[in-house]
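So the sequence lines, in the order shown, correspond to chains A and B. Quick note: to get our numbering, add 215 to the position in the first sequence (first position is 1). Quick note: to get our numbering, add 457 to the position in the second sequence (first position is 1). Ideal Cβ placement from N, Cα and C applies to all residues, glycine included.
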Amino acid sequence: MAAPVIPYSRSIKRKETSMKLSSKARDAIAGYLFIMPNMIGFLLFLAFPVVASLFISAAEWNLITEPIFVGINNFIALFQDSYFWQCLRNTAYFSLFSVLLGIVTSLFLAVLLNNPRVGFSGFLKSAIFLPVIFSTVSVALIWQWILDTHIGMLNHLLGYIRLGPFPWLTDPHWSMPSVIIVGVWRQIGYNMVIFLAALQGVPQDLYEAADIDGARPLHKFWNVTWPMISPSTFFVLVTSIINSFQVFDITTVLTNGGPANSTNTIIMMVYQYAFQNFKMGYASAAAYMLFAIILVITAFQNIVSKRWVHT
Amino acid sequence: MKSTSNMNRLGLPAGILTYGILWSTAFIMLAPLFWSVMTALKPNAEVFQAPYLINPDTLSLRSFADVFRQAPFFLYFLNTLKITLACTLGVAATSALAGYAFARLQFPGRDILFMIYLTTMMIPRQVTLVPMFMLMKQFGLIDNHLSLILPGIFSAFGTFLLRQFFLTVPADYDEAAKIDGCGVFRRFTLIMLPFAKATLATLVLLTFMAVWNDFLYPMVFLNSETERTLTMGLAIFRGDADVQWNILMAAVVISNIPILIAFLATQRFVINGVSMSGGIKG
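Listed below in structure tokens is the structure:
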């Protein structure tokens, strides 16, 4: 146990520099090692497919014969395909109304629930959140049962006040609104929780200052609450639009795209072309169109957001 | 008692309106769920009978037994559980590692890489559907749960969540351990990970829910009956001719009980997690 006797100051100095250098290098190596699993997944399952998708969209490929290069023909054909336009219209219809309704109602509920004087707020919050946790498939099945024209609970209840029966899922004009209502029903709780968190983050002294200025509730909302929660509103808006453009589960299970294709969506079209008709190139082109649309909308929102999102 | 006193404090008209709206929304949210359970408990003869109310004498669990008789739902359950657990644990591990590295370790290209990660969170997963299918076909993983697990164990969102968390842990802890000669892996596992418990729980729950409820990818990657997940099994069960509503609703209830239990046990983390996800700005 006899330690070598080294002059005190020199030993410390040397030890420090050597440790500093090696620990820096070690940190860098560790850094790469730590992100490696994630990086592999990222490259293999996201970066590569996104690029590959572009190449596939330039090919005619049924997975059996060799792919044939067709350039932008798939995109040209897509523009001339009335089925694509119908799916796009349906998707936009769903997106517009489900996003608007989903945001307005959830923000309204969050404002009501945020009042500290409301009792049972914990229960109410959980109850309104509950549909979020269930799979869209089971939600769609439950609603299919409730919205059945002849034997569904809703038409039965409406019958008591001499209304209906309404063809919720069986008439092309009714089907999309029904799908939207179910989508909103499932989404509200999620948005509401985000809005609640945002509302709780608004500094109380801003409200007190507004009180001193004699602001009325609606003024307080527009001049204090709305700007203060705008980053969260922006988040909800952007993610809701992205998600709503990818709608697949609800429409597949609730209506299977019908009646008369009134609820077929872009992702359903991609699915049908790719995995039922095996037109891989054409399906990829449709998926890329969706990607482009989402990208444009998101970019547009980012620009417009500078006007209304408070930072 | 509590509610009336609260109502008074809210002011009567505003109070009635607030409570009216909130409670009717809660009712609209819960009634369909309640109704699906009630349908599942009815014998088939009464399902179509007006006035649709419940006859307590005939309530039975028969439809639940019928579900298992008509389709291998227990197998679907095990498949889903396996995929979900694998993805959830995988995401937690890869996200914690990468999140720590992005927050606390210095290495060239770190910030650019992180920016790229953030941007990819915007890419809709469905864009990659066709190439992913081909990739899995190349790997020979079609109709194999690995086709869902392998892409499922990495998450840009999870990485982001953990990075943001690790940034809030005072650097002193890390530094102190470093001076004590603690290697980077031990610093990560012994010092930092215990701090991240709540954030990890949040990520685990959000991932659990997303994977458990996934529908599109199982539909594309799996096909044989023995490999099916719950959502897929449910949708196909629905498509089968002659499935009765009470049995179908029983299947819905069965497939959602695990997620309901998970939610009730961990509500705080789930709701917290959703609010945290809303904190991502730009």
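Cβ of residue i within 9 angstroms of any chain A Cβ
i, result
"Gly597/B", "no"
"Ile569/B", "no"
"Thr541/B", "no"
"Phe622/B", "no"
"Val731/B", "yes"
"Val727/B", "yes"
"Tyr476/B", "yes"
"Met486/B", "yes"
"Met591/B", "yes"
"Lys459/B", "In this prediction, Lys459/B has a pLDDT of 41, which is less than 50 and means its spatial position is unreliable; what the coordinates show is noted afterwards. It does: the Cβ of Lys459/B has a partner Cβ on chain A nearer than 9 angstroms."
"Met649/B", "no"
"Leu538/B", "no"
"Ser681/B", "no"
Chain B residues whose Cβ lies nearer than 9 angstroms to that of residue i
i, result
"Arg241/A", "Gly640, Val641"
"Phe493/A", "Result: empty, since nearest Cβ-Cβ is about 11 angstroms, beyond 9 angstroms."
"Trp441/A", "In chain order: nothing, as chain B lies at least about 16 angstroms away."
Beta-carbon proximity list for residue i, same chain, < 7 angstroms, skipping 5 on both sides
i, result
"Gly690/B", "Ala528, Phe530, Tyr533"
"Phe614/B", "Met578"
"Ala274/A", "Pro282, Ile283, Phe284, Val285, Gly496"
"Ser321/A", "Ile403, Asn406, Met407, Phe410"
Residue i: first and last residue of the uninterrupted alpha helix (DSSP H) it sits in
i, result
"Leu562/B", "It is not in any alpha helix (DSSP H) - Leu562/B carries neither H nor E in the DSSP assignment."
"Lys439/B", "Given that chain B is displayed from residue 458 to residue 739, the structure contains no residue 439/B and the question cannot be resolved."
"Ser447/A", "441-460"
"Trp300/A", "297-329"
"Trp702/B", "702-734"
"Val347/A", "Careful: Val347/A lies outside any alpha helix (DSSP H) and carries neither H nor E."
"Glu423/A", "419-427"
"Thr656/B", "654-670"
"Glu632/B", "628-636"
"His602/B", "Where His602/B is concerned, there is no enclosing alpha helix (DSSP H), given that its DSSP letter is neither H nor E."
"Phe381/A", "Segment: none, Phe381/A is in no alpha helix (DSSP H) and carries neither H nor E."
"Thr526/A", "Neither: Thr526/A is in no alpha helix (DSSP H) and is coded neither H nor E."
"His434/A", "432-435"
"Leu687/B", "687-696"
"Gln487/A", "481-490"
"Lys288/A", "One point to set straight first is that residue 288/A is Asn, not Lys, in the sequence displayed. Looking at the DSSP string, the run of the alpha helix (DSSP H) that includes Asn288/A is 288-294."
Below-9 angstroms beta-carbon distance, residue i vs any chain B residue
i, result
"Ile366/A", "yes"
"Ala292/A", "no"
"Val408/A", "yes"
"Lys435/A", "no"
"Thr385/A", "no"
"Leu315/A", "no"
"Leu324/A", "yes"
"Thr328/A", "Reading the sequence as shown, one finds Leu at residue 328/A and not Thr. Yes, its Cβ sits closer than 9 angstroms to a Cβ of chain B."
"Gln419/A", "no"
"Trp300/A", "no"
"Trp358/A", "yes"
"Ser237/A", "no"
Proximal chain A residues relative to residue i, where beta-carbon distance stays under 8 angstroms
i, result
"Pro565/B", "Ala243"
"Phe531/B", "Under the 8 angstroms cutoff, chain A gives no residues; its nearest Cβ is about 17 angstroms from Phe531/B."
"Thr656/B", "Simply none; closest approach about 15 angstroms."
"Tyr557/B", "Phe249"
Contacts of residue i in chain B (Cβ-Cβ under 8 angstroms)
i, result
"Gly256/A", "Thr551, Leu607, Pro608, Ile610, Phe611"
"Tyr503/A", "Val584"
Sequence-distant residues of the same chain with beta carbon closer than 8 angstroms to residue i, five excluded per side
i, result
"Leu647/B", "Ala634, Cys639"
"Ile287/A", "Ala273"
"Gln359/A", "Leu384, Val468, Leu469"
"Leu452/A", "Val314, Ile318, Gln516"
"Ala695/B", "The identity of residue 695/B in the sequence shown is Arg, whereas the question assumes Ala. Same-chain partners within the cutoff: Leu705."
Contacts that residue i makes with chain A (C-beta to C-beta distance below 7 angstroms)
i, result
"Met666/B", "Ile348"
"Gln724/B", "Ser341"
Nonlocal neighbours in the same chain, by C-beta distance under 6 angstroms from residue i, ignoring five residues either side
i, result
"Pro675/B", "Thr686, Met689"
"Phe652/B", "Val626"
"Gly367/A", "Ile361"
"Phe611/B", "Thr551"
"Ile716/B", "Trp669"
"Asn680/B", "Asp600"
Residue i: contacting residues in chain A (beta-carbon distance under 9 angstroms)
i, result
"Val661/B", "None at all; the shortest Cβ gap to chain A is about 14 angstroms."
"Val677/B", "Tyr486, Ala489, Phe490"
"Pro581/B", "Ile457, Asn458, Phe460, Gln461, Ile482, Ala502, Leu505, Phe506, Ile509"
"Ile716/B", "Ile348, Phe349, Ser350"
Chain B residues whose Cβ lies nearer than 7 angstroms to that of residue i
i, result
"Thr351/A", "Asn670, Phe672"
"Tyr247/A", "Phe564"
"Ala267/A", "Pro588"
Task: chain B contacts from the segment 459-481 of chain A (Cβ-Cβ distance under 8 angstroms) - done: Close to chain B, meaning a Cβ-Cβ distance shorter than 8 angstroms, are the following residues of the segment 459-481 of chain A: Phe460, Gln461, Phe463, Asp464, Thr467, Val468.
Task: chain A contacts made by the segment 697-716 of chain B, where a contact means CB separation under 9 angstroms - done: Trp702, Leu705, Met706, Ala708, Val709, Val710, Ser712, Asn713, Ile716
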